[in-house]
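Chemist:
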Amino acid sequence: TAAAMAEVEAAAVEWQGVCEETVGCDDKLKGMAAAAFSAFTRAYTTHGGAERGVFNVRALHLGHLAKSLGLLETPARIVSGKKAKEAKAAAKAEAREARERAAKG
């Protein structure tokens, strides 16, 4: 029923708030969540060929990924320096490969 769905949604919103508050107040948890974010996005960029249709880092909503880990910071603030450059280079390479595949067939 609609009332049950509203109750579930309210509980989910409350749980998300608890997670964000817990991670936000603990530097160790925040670091672990940021490391998980980086590892997750890096894992997506390692897939090639036919898997790219499923594991496409450009199709990810990085803000939603960060939020799912209890992070309030934007992905640009989490992925910094060298990692940001690596992610950008991987995205460019993926786009180039997609253009090449499109040109072939």
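Just so we're aligned: the sequence shown equals residues 12 to 116 in the numbering used here.
All C-beta atoms, glycine included, are put in the ideal place defined by N, C-alpha and C.
These numbers come from a predicted model, not from an experiment.
Measure the CB-CB distance between Phe48 and His58 and report whether it falls below 7 Å.
Modeler: No.
Chemist: Considering Ala54, what are the terminal residues of the alpha helix (DSSP H) in which it resides?
Modeler: Where Ala54 is concerned, the enclosing alpha helix (DSSP H) stretches over 38-56.
Chemist: Starting from His72, trace the alpha helix (DSSP H) in both directions and tell me its first and last residue.
Modeler: Counting along the chain, His72 falls outside any alpha helix (DSSP H), and DSSP gives it neither H nor E.
Chemist: May I have the straight-line CA-CA distance separating Ala101 from Thr56, to the nearest angstrom?
Modeler: Ala101 and Thr56: Cα-Cα distance of roughly 6 Å.
Chemist: Does the distance from the C-beta atom of Gly81 to that of Cys36 stay below 7 Å?
Modeler: Not closer than 7 Å, so no.
Chemist: To the nearest angstrom, how far is it from the Cα of Arg69 to the Cα of Ala22?
Modeler: Rounded to the nearest angstrom, the two C-alpha atoms are 31 Å apart.
Chemist: If you drop the 5 nearest sequence neighbours on each side, which residues of the same chain put their C-beta closer than 8 Å to that of Gly42?
Modeler: Around Gly42: no qualifying Cβ.
Chemist: Drop a sphere of 10 angstroms on the beta-carbon of Ala46, count the other beta-carbons inside from all chains shown, and report buried for 16 or more, exposed for fewer.
Modeler: Exposed, since its Cβ has fewer than 16 Cβ neighbours within 10 Å.
Chemist: Does DSSP put Thr33 in a helix, in a strand, or in coil?
Modeler: Helix, per DSSP.
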